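**Student:**
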Amino acid sequence: MILKGNHPNALILNINSSLGDVAEQLKPALAASLFKDRVLSLGAAAQVSGLSLSEFIEHLTQLDIDLVEPDQQTAKELATLASWLL
């Protein structure tokens, strides 16, 4: 896959690969991208990928994609937790 900025622009395929093989290889990448952009939930993205939930989580970990996106509430909870631990 060739990117233009952060967006897919082109896809290069091995001429000896069947389209079925290519589709199976692309499913985890597509699912990871959709999950990263918060288009799909974790469970839905795992289903799209064709991997088990634990395999998909491992795939996301290898791609350094966070499972949880921190927000202001998370920051407050972490500050509260830190005060309890000190």
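With positions in the sequence shown counted from 1, the corresponding number in the numbering used here is that position plus 1183.
Think of the CB as a built atom: it goes at the ideal place given N, C-alpha and C, for glycine as much as any other residue.
Quantities reported herein were computed from a predicted structural model and do not represent experimental measurements.
Let me know the secondary structure DSSP gives Ile-1248 once reduced to three states.
**Tutor:** Here Ile-1248 sits in coil by DSSP.
**Student:** From the beta carbon of Glu-1260, is the nearest beta carbon of chain C less than 9 Å away?
**Tutor:** Chain labels in this structure do not include chain C; a single protein chain is all it has.
**Student:** Below 9 Å between beta carbons: does that hold for Phe-1218 and Leu-1243?
**Tutor:** yes
**Student:** Just to confirm before moving on: does the CB-CB distance between Ala-1215 and Ile-1248 stay below 9 Å?
**Tutor:** yes
**Student:** Confirm, please, whether the CB-CB distance from Gly-1226 to Glu-1207 is below 9 Å.
**Tutor:** Contact: no.
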